[in-house]
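Reviewing the structure listed below.
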Ligand SMILES: Cc1cc2nc3c(=O)[nH]c(=O)nc-3n(C[C@H](O)[C@H](O)[C@H](O)COP(=O)(O)OP(=O)(O)OC[C@H]3O[C@@H](n4cnc5c(N)ncnc54)[C@H](O)[C@@H]3O)c2cc1C
Ligand SMILES: Nc1ncnc2c1ncn2[C@@H]1O[C@H](COP(=O)(O)O)[C@@H](O)[C@H]1O
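Protein chains in written order, with our numbering: chain X, 1 to 265; chain A, 1 to 333.
Encoded structure:
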């Protein structure tokens, strides 16, 4: 049986207009109540797991580190067809950078026990470092392929995948267990089904904190993070805008003339 | 007084040619190293790397470590990581800079986690603070965030091509070229079998004189195609923001910004995008900038030279017609 672990992150809905901004006066974050959703690329990771499960005997475990509310997105993955959902939630985990996040996830993977394939998104929409997958693989001492866009061949031990590479792709042969981070090209994530939602009602989410993982407090969250934010400066240079008025035709004519005068078209 | 470790650049080659970003990073590493009163060292892996080290030296490197072997011709994750990590343990660099290329984005976290240190992603500036700690700047929360790695070493960062400029080569500079030992038993859990470059259609972003970028305001694929048609009319490269990529209207290769491409065209036209800094840093060196957005209060209008408040799906087709008229007139007289 293929044991698959999918790492999903709860992120503020990227479709919601309200962005987190800094208050220029107090220099604090002005958060707005944007609902948490599954990070877009993690849906592709989840879909990849479901596709594999359709092909072979597989078990899907979803792993997410986040606030207690992130339980909802774990539930969503259970409704999609994951067999087990684990939420890592503990005040001690808060403020983690990519390194501490990857470390905490790696420790949880060891705690889950046997695994063959770990699937992550290439990037999260809010953190967007792209580091969590590869760093996790390093902590677990297993190979990593980033930007996987096609699984070409599934062998007993060796898999062949296509990974994004500059203007083309890279063909990679890799031995499991391994970490793949996936891109949008890999698949089209399915929608939630009603029967899935019903079935997921019976599935329990496992919640782990620092005690369950048995790791020292200095190794997780903000304490376990080698990088910190030192300061925030306001926006860079601005340009003096000329807002063009008139009818649609007039605006179009005017801008074409201006750009011709500037010698750029 | 404690002496500082070197400033490192992990250089990259493709088909034996050094990537521009490697030379750009050497230029910035030189500035940092001069302030730290230390040396610049480059690490280069590939095959037939005979002339490339001198190019790195001319750009400002003092010492180049070269891994030269047929097995290193293409990026090999395990082998490259092992070589860099072992050398870093021996040389104890203070700072390690890596290009935000496909290779760099994978190799950097593999190396950082192996060295148990921090890594800042896709920086748009690198400076030293008053304590000579590296401040890696990234756009966030409508401003510029400085990230530091105060205790762990090396301090690591990735930087996209185009953030820094290529230094003027000084062919008279001299430096040391050191051959790296290549392990006889290659690590065996992962291999790059082949790297294939595909011809991309349309005008490439990096060299385009005109860039038309579309954003979430396109609304749907139909709206996106209108923006793409504008690019075609102007013989421009088509760029995008992240939501356009997420929606699947365009490929990741077209994304401009902090985690995408950095471009500096003569003309930039941003259509249906909000002027979020993570996108705008990728285009800050454009000569003339135009934005089309239906929200007069959109922050994009603070960052461009000409603003048009209108629904892009309605306005762009009219604009295309006017451009065509202009071009026809140009030909006849
Ligand atoms: C760490 C990190 C890195 C990132 N890196 C990048 C990056 O490299 N590149 C990038 O682009 N993004 C990046 N992002 C995402 C970035 O923060 C923004 O979310 C994104 O740039 C916004 O894209 P947008 O302007 O298209 O969408 P929105 O912000 O949703 O703006 C859409 C705009 O369209 C306008 N509009 C709507 N309808 C119409 C219409 N009919 N006609 C005209 N205008 C209309 C609206 O008024 C609005 O201003 C990154 C984010 C993070 C956290
Ligand atoms: N807190 C988290 N919990 C679970 N998975 C995560 C978390 N943060 C990041 N990941 C995974 O790592 C990928 C890359 O994230 P990032 O490094 O933030 O760009 C995501 O797409 C997820 O698969």
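C-beta: ideal position from N, C-alpha, C; glycine also.
Do you know how far the Cα of residue 101 of chain A is from the Cα of residue 169 of chain A? 23 angstroms
Pull up the distance between the alpha-carbon of residue 318 of chain A and that of residue 10 of chain X, whole angstroms please. 42 angstroms
Please report the Cβ distance between residue 252 of chain A and residue 213 of chain A, rounded to the nearest whole angstrom; I am assuming they are in contact, meaning their Cβ atoms lie under 8 angstroms. Their Cβ separation, rounded to whole angstroms, is 14 angstroms, which puts residue 252 of chain A and residue 213 of chain A out of contact at 8 angstroms.
Anything in the region 40 to 51 of chain X with a Cβ closer than 7 angstroms to a Cβ of chain A? List those residues in chain order, please. 40
State whether the region 146 to 160 of chain X contacts the region 168 to 187 of chain X, with contact taken as three or more CB pairs (one from each stretch) at a distance under 8 angstroms. yes
Among A:83, A:258, A:20, the one whose alpha carbon lies nearest that of residue 183 of chain A: A:83
Locate the beta strand (DSSP E) running through residue 201 of chain X, then write down its first and last residues. It is not in any beta strand (DSSP E) - residue 201 of chain X instead sits in the alpha helix (DSSP H) that spans 194 to 201.
Are the Cβ atoms of residue 36 of chain X and residue 76 of chain X separated by less than 7 angstroms? no
Using a Cβ cut-off of 7 angstroms (strictly closer), state whether residue 180 of chain X contacts chain A. no
Below 8 angstroms, how does it come out for the region 32 to 52 of chain A and the region 64 to 84 of chain A: are there three or more Cβ pairs, yes or no? yes
For residue 67 of chain A, the residue or residues it bridges with in DSSP: A:45
At the 7 angstroms Cβ level, is residue 9 of chain A part of the contact set with chain X, yes or no? no
I'd like to know if residue 24 of chain A contacts chain X, where contact means its C-beta is closer than 7 angstroms to some C-beta of that chain. no
With a 10 Å radius around its C-beta and 16 neighbouring C-beta atoms as the bar for buried, classify residue 184 of chain X as buried or exposed. buried
Within 10 Å of its beta-carbon, does residue 4 of chain X have 16 or more other beta-carbons around it, so buried, or fewer, so exposed? buried
Below-7 angstroms beta-carbon distance, residue 2 of chain A vs any chain X residue: Unreliable positioning characterises residue 2 of chain A in this predicted model, as indicated by a pLDDT of 46, which lies under 50. A coordinate reading is not provided.
With 16 other Cβ atoms within 10 Å as the buried cut-off, status of residue 107 of chain X: buried
Under 8 angstroms by Cβ, that's how I've got residue 156 of chain A and residue 96 of chain A pegged, so tell me the actual separation to the nearest angstrom. 5 angstroms
Looking only at its own chain, which residues have a Cβ that is under 6 angstroms from the Cβ of residue 14 of chain A, when we skip the five neighbours before and after it? none
C-alpha distance - residue 177 of chain A paired with residue 239 of chain X, whole-angstrom precision: 46 angstroms
Within 7 angstroms, strictly: CB atoms of residue 215 of chain A and residue 243 of chain X: no
Do you know offhand how far residue 63 of chain X's Cα is from residue 214 of chain X's? 17 angstroms
If we count the other Cβ atoms within 10 Å of its Cβ and call it buried at 16 or more, is residue 56 of chain X buried or exposed? exposed
Where the region 229 to 247 of chain X meets chain A: residues whose CB sits under 9 angstroms from a CB there: 229, 230, 231, 232, 233, 234, 235, 236, 237, 238, 239, 240, 241, 242, 243, 244, 245
Reference residue 304 of chain A, options A:297, A:290, A:296, closest by Cα: A:290
Say yes only if the C-beta of residue 216 of chain A is nearer than 6 angstroms to one or more non-hydrogen atoms of ligand 4, and no if none qualify. The ligand content of the structure shown is limited to ligand 1 and ligand 2, which means ligand 4 is not among them.
Determine the direct distance from the alpha carbon of residue 161 of chain A to that of residue 264 of chain A, and round the result to whole angstroms. 11 angstroms
Is there at least one Cβ from chain A nearer than 7 angstroms to residue 171 of chain X's Cβ? yes
Along chain A, which residues have their Cβ under 9 angstroms away from the Cβ of residue 80 of chain X? Within 9 angstroms Cβ-Cβ: nothing; residue 80 of chain X doesn't reach chain A, min ~19 angstroms.
Residue interval of the beta strand (DSSP E) (run including residue 240 of chain A): 237 to 240
Beta-carbon gap between residue 109 of chain A and residue 134 of chain X smaller than 7 angstroms: yes
So, using beta-carbon positions, are residue 170 of chain X and residue 81 of chain A closer together than 7 angstroms? no
Determine, using beta carbons only, whether residue 128 of chain X comes closer than 7 angstroms to chain A. yes
In chain order, what residues of the same chain lie with their CB nearer than 7 angstroms to the CB of residue 103 of chain A, ignoring the 5 residues before and after it? 12, 75
Neighbourhood of residue 129 of chain A by C-beta distance below 6 angstroms, restricted to the same chain and skipping five residues each side: 135
Does any heavy atom of ligand 1 sit closer than 6 angstroms to the C-beta of residue 241 of chain A? yes
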